[in-house]
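Residue 51 in numbering that gives the first Met the number 0 sits at position 52 of the sequence shown, with consecutive numbering throughout.
Okay, so here's the structure we're looking at.
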Amino acid sequence: MRLVATHRYSFLDVQTLTERQARDTLFRYGDNSFLLHMTPGEGEDDQLFWLDSRAALLWINQSVEEFGSF
Numbered sequence: 000m001r002l003v004a005t006h007r008y009s010f011l012d013v014q015t016l017t018e019r020q021a022r023d024t025l026f027r028y029g030d031n032s033f034l035l036h037m038t039p040g041e042g043e044d045d046q047l048f049w050l051d052s053r054a055a056l057l058w059i060n061q062s063v064e065e066f067g068s069f
């Protein structure tokens, strides 16, 4: 497994109205297989998504306004 890209971004927590930090990390796991790890902040549940090459390229090329979406 190899690290491909990482996005860090701020977002507004709706419940507490405080700014928080999130991180999304993309790993390559063999041919045409990628793992996206999304961490919404401290104390929150992480999410894992398996992506193919096309979805991974779309994720890498998304704009700053789209960070955190999948």
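No residue lacks a Cβ here, since even glycine has one placed at the ideal position from N, Cα and C.
Quick caveat: nothing in here was measured; it's all calculated off a predicted structure.
(message) With a threshold of 7 Å on Cβ separation, who are the neighbours of Q46 within its own chain once the five nearest residues in sequence on each side are excluded?
(response) Taking the sequence shown and counting its residues from 1, the one referred to as residue 46 is at position 47. M37.
(message) Between which residues of its own chain and Y28 is the CB-CB distance below 7 Å, once the five residues before and five after are set aside?
(response) If you number the sequence shown from 1, residue 28 lands on position 29. Hits under 7 Å: M0 and L34.
(message) Tell me which residue opens and which closes the alpha helix (DSSP H) that S52 is part of.
(response) The count along the sequence shown starts at 1 and reaches residue 52 at position 53. Where S52 is concerned, the enclosing alpha helix (DSSP H) stretches over S52 to I59.
(request) Could you tell me if W49 is buried or exposed, where buried requires 16 or more neighbouring beta carbons within 10 angstroms of its beta carbon? (result) As a first step, residue 49 is located in the sequence shown; it is residue number 50 there, counting from the start. By the neighbour-count rule (16 or more Cβ atoms within 10 Å), W49 is not buried but exposed.
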